[in-house]
Amino acid sequence: MRHNQLLNLTYPIIQAPMAGNILTPELVAAVSNAGMLGSIASGYLSLTALEEFILKVKQLTMKPFVVNVFIEPEQKTPQILLKPQLIMDLERQLGMPDEPDFTLPATIPQDEYINLLLKHNVPVVSCTFGLFSPDNLLRLKKHAVVVIANATNLAEVHAAYQSGVDAIVLQGFAAGGHQASFINNGQCNQLSSLELLKQIQSLHLAIPLIVTGGINCANFTQFLAAGANYVQLGTSFMLSNLSNLDLTHQQYLIRQSSNSTALSQNLTGKWARGINNQLMQQLDQCAYPFPIQHYASAKLRGFARNHGLFDYTGSWLGQHASYAIQSTNDLLQHLINCYISYSNVVKPGDS
Ligand SMILES: Cc1cc2nc3c(=O)[nH]c(=O)nc-3n(C[C@H](O)[C@H](O)[C@H](O)COP(=O)(O)O)c2cc1C
13 MRHNQLLNLT
23 YPIIQAPMAG
33 NILTPELVAA
43 VSNAGMLGSI
53 ASGYLSLTAL
63 EEFILKVKQL
73 TMKPFVVNVF
83 IEPEQKTPQI
93 LLKPQLIMDL
103 ERQLGMPDEP
113 DFTLPATIPQ
123 DEYINLLLKH
133 NVPVVSCTFG
143 LFSPDNLLRL
153 KKHAVVVIAN
163 ATNLAEVHAA
173 YQSGVDAIVL
183 QGFAAGGHQA
193 SFINNGQCNQ
203 LSSLELLKQI
213 QSLHLAIPLI
223 VTGGINCANF
233 TQFLAAGANY
243 VQLGTSFMLS
253 NLSNLDLTHQ
263 QYLIRQSSNS
273 TALSQNLTGK
283 WARGINNQLM
293 QQLDQCAYPF
303 PIQHYASAKL
313 RGFARNHGLF
323 DYTGSWLGQH
333 ASYAIQSTND
343 LLQHLINCYI
353 SYSNVVKPGD
363 S
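Each position in the sequence shown, counted from 1, maps to that position plus 12 in this note's numbering.
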């Protein structure tokens, strides 16, 4: 299947949605303007902030882009909960004031996301940590929105395919940030992107497969050669200059990456890959499931980020052979050059 069947992109390359104040409209638009697909992350944003982000991206590009939505358990009203003792101890260690509780905010109803995305004619929508309700999926499809689901195993791929999505992201265990799991999600995904791709290819699904996790400029063509229709890169874009991560944080990630990344579910209640720093080592228990544990540790992680105490931040990073900080334009150009060399070798119809 040719990559341009689904989205008519010049290059079969997607910038991963990354929630947590990582992305800028300039980054997303630069990717789409380069003939790839930029993604907005709606996770942890209010609807107003999301709308502003979408409008800025639309000012900067006429090309398609994605909005990614978290599928979370419904929380109708905000709730005050007790902060786990271990998190309070860590906060005290950093000199933060004692606050024995934290607020679990109400979730934004899925319908309201869909209303906003349709209002702004968002061309591509993706979901993670679950699937859209059948009604909402139907609403998106009626408006010819391309819908993408994230999956980490065979059962999730089956569920996503049966629901009628247009493409599936296969997320391997090297991926930075949270595992997208929604079936048996207490279990950590141990499959590499390539293993997952091979498993799912044997199903011969009639929709494109997007592969993500540990993919960068140096290796993305291997995944295309193995039959992926698209590749999705997160860490590489996070380490580029149009990301919202400041240079000192990016430099910290590069310095610490030599100690390797690790997976933990204790920071947020869901398996996530990042730098195996002091926070990951000291926060060795999980009191609440996702997203409650995320909100329980949010103040600590936010304080650490604002004060440059990166050893106590949730420093999400994919597992790669090497990392580099570079300009977003150089990264895009490098991806284009590698893709052109690759497609000159692979004859049309081979992929
Ligand atoms: C900081 C960070 C935040 C992320 N946030 C999201 C998100 O909001 N939604 C999502 O679907 N995936 C999210 N991911 C996962 C990416 O979509 C993707 O699976 C991952 O970046 C791929 O691995 P790589 O970082 O090695 O390229 C995030 C990843 C990182 C590194």
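A virtual CB, placed ideally from N, CA and C, is assigned to each residue, including glycine.
{"Asked": "Collapsed DSSP secondary structure at L182 in the structure displayed", "Found": "strand"}
{"Asked": "Minimum length 3: unbroken beta strand (DSSP E) runs contained in the region 236–267", "Found": "242–245"}
{"Asked": "When S54, V78, N33 are compared against L19, the one with the closest alpha-carbon", "Found": "V78"}
{"Asked": "Short Cβ contact (8 Å threshold) for V157 with P135", "Found": "yes"}
{"Asked": "N16 in three-state terms, based on DSSP", "Found": "Note that N16 scores a pLDDT of 47, beneath 50, so its modelled location is shaky; the value from the coordinates is reported in the next line. Here N16 sits in helix by DSSP."}
{"Asked": "beta-carbon N80 near ligand 1 non-hydrogen atom, thresh 7 Å", "Found": "yes"}
{"Asked": "For L106, the nearest candidate out of M292, D323, V358 (CA to CA)", "Found": "D323"}
{"Asked": "G142 CB to nearest heavy atom of ligand 1 below 7 Å", "Found": "no"}
{"Asked": "Simplified DSSP state of I348, which is helix, strand or coil", "Found": "helix"}
{"Asked": "Distance cut-off 7 Å: H332 Cβ against heavy atoms of ligand 1", "Found": "yes"}
{"Asked": "Where the beta strand (DSSP E) through Q27 begins and ends", "Found": "25–27"}
{"Asked": "Collapsed DSSP secondary structure at V203 in the structure displayed", "Found": "Residue identity differs from the one stated: residue 203 is Leu in this sequence, not Val. Coil, per DSSP."}
{"Asked": "K282 burial status per 10 Å Cβ neighbour count (16 or more: buried)", "Found": "buried"}
{"Asked": "Classification of H15 by the beta-carbon crowding that lies within 10 angstroms, buried from 16 upward", "Found": "With a pLDDT of 45 at H15, under the threshold of 50, the modelled position of that residue is not reliable, and no figure is offered here."}
{"Asked": "Contact check, E168 vs S193, beta carbons under 8 Å", "Found": "yes"}
{"Asked": "F144, DSSP secondary structure in three states", "Found": "coil"}
{"Asked": "Residues of its chain near L72, where Cβ-Cβ distance is below 7 Å and the 5 sequence neighbours each way are ignored", "Found": "P37, E38, A41"}
{"Asked": "C-alpha distance - Q290 paired with L209, whole-angstrom precision", "Found": "34 Å"}
{"Asked": "Coarse secondary structure for T119, derived from DSSP in three states", "Found": "coil"}
{"Asked": "Length at least 3, wholly inside the region 272–323: the beta strand (DSSP E) runs in chain order", "Found": "273–276, 284–287"}
{"Asked": "Host beta strand (DSSP E) of A218 (start-end)", "Found": "Premise fails: A218 is in no beta strand (DSSP E) and is neither H nor E."}
{"Asked": "Run of the beta strand (DSSP E) containing L72, from where it starts to where it stops", "Found": "Element bounds for L72: not the beta strand (DSSP E) but the alpha helix (DSSP H), 59–72."}
{"Asked": "C-alpha distance - H346 paired with A237, whole-angstrom precision", "Found": "18 Å"}
{"Asked": "Pair within 8 Å by beta-carbon distance, S255 and I52", "Found": "no"}
{"Asked": "DSSP three-state assignment for D101, whether helix, strand or coil", "Found": "helix"}
{"Asked": "Nearest-angstrom Cα separation, counted from N356 out to S58", "Found": "45 Å"}
{"Asked": "Where P109 falls, given that 16 or more other Cβ within 10 Å makes a residue buried", "Found": "exposed"}
{"Asked": "Closer than 7 Å: A28 CB and nearest ligand 1 heavy atom", "Found": "yes"}
{"Asked": "Straight-line gap, D178 to Q293 (C-alpha atoms, nearest Å)", "Found": "39 Å"}
{"Asked": "Inter-residue CB distance, Q87 and A186 (contact presumed, cutoff 8 Å)", "Found": "The Cβ separation is near 31 Å, so there is no contact."}
{"Asked": "Euclidean distance between Cα positions of D147 and F302", "Found": "25 Å"}
{"Asked": "Candidates G188, E124, I180: closest to I220 by CA position", "Found": "Correcting the residue identity first, residue 220 is Pro in this sequence and not Ile. When each option's Cα is compared against that of P220, the closest is I180."}
{"Asked": "Residues bridged to I212 [DSSP beta-bridge criterion]", "Found": "In DSSP, I212 forms no bridge with anything."}
{"Asked": "Spatially closest choice to E63 from L21, K131, I287, H306, by CA coordinates", "Found": "K131"}
{"Asked": "Where the beta strand (DSSP E) through V79 begins and ends", "Found": "77–82"}
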